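Numbering (the working numbering), first residue to last: 5 to 178.
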Amino acid sequence: MTFEPLMSTDEGGIEAMSALATEIVREHYDPILGTAQNDYMLEKFQSVNALREQLAHGYQYCFVRVGDRRVGFLAFYPKENCLYLSKFYLLRAERGKGYARQMLGFVCQKAQEVGLSAVELNVNKNNSAVFAYEKLGFERVRAEKIDIGAGYYMDDYVYRYTITDHGSEKRKLC
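Put into structure tokens, the structure is as follows:
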């Protein structure tokens, strides 16, 4: 597995990232949120313009590659005392193959490179990925409801992965 950084000057890459995000997010979130809210969120967070804006403000996006195939993507940025993991997605056919552990290892490495010892993420309360995050060693730290406009909310749990947990299995991932 390799991680291909998305550069802010790579228009073709930004378009490809938006298309990949739309494919994965639509398949996964339409049943959870409904098409209308998911369409709104895709435009707000994963459109070409949204990606350009995020990249300009410090987000790091990476395609996840297995061989010559792009099978998913990541996005993260430093936030307060942790690395915030904004996106952690795989195509449906690629889930359950152990890729998430390798992806988390990469994210932990990036956190450590900037002197951070934890990774945090938000996940919708009704998202089955909650179980995957818990299996990886993330711990639920709180719930929050975020107004994202147009009458929509993100009703999420916040999960935290502590990198400096010496001696535990968590440490082996990072």
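In this text, a Cβ means the ideal position worked out from N, Cα and C, and glycines have one as well.
The structure presented is a predicted model; accordingly, all values stated were derived computationally and were not measured.
{"Item": "Rounded separation between Y163 and E15 - CA only", "Value": "32 Å"}
{"Item": "Through-space distance from I18 to A79, alpha-carbon basis", "Value": "13 Å"}
{"Item": "C-alpha distance - V75 paired with Y65, whole-angstrom precision", "Value": "14 Å"}
{"Item": "Selected residue, minimal CA-CA separation from E143, among A122, G100, A97, A23", "Value": "A122"}
{"Item": "Closest Cα partner of V29 within the set K48, P9, S12", "Value": "K48"}
{"Item": "Alpha helix (DSSP H) segment containing M21, residue limits", "Value": "15-37"}
{"Item": "Contact under 8 Å by Cβ, N128 with D151", "Value": "no"}
{"Item": "Residue environment, E27, which counts as buried when at least 16 other CB atoms sit within 10 Å", "Value": "exposed"}
{"Item": "Y103 beta carbon less than 8 Å from that of V68", "Value": "yes"}
{"Item": "Of the residues G109, Y44, Q58, N42, the one placed nearest M21, counting alpha carbons only", "Value": "Q58"}
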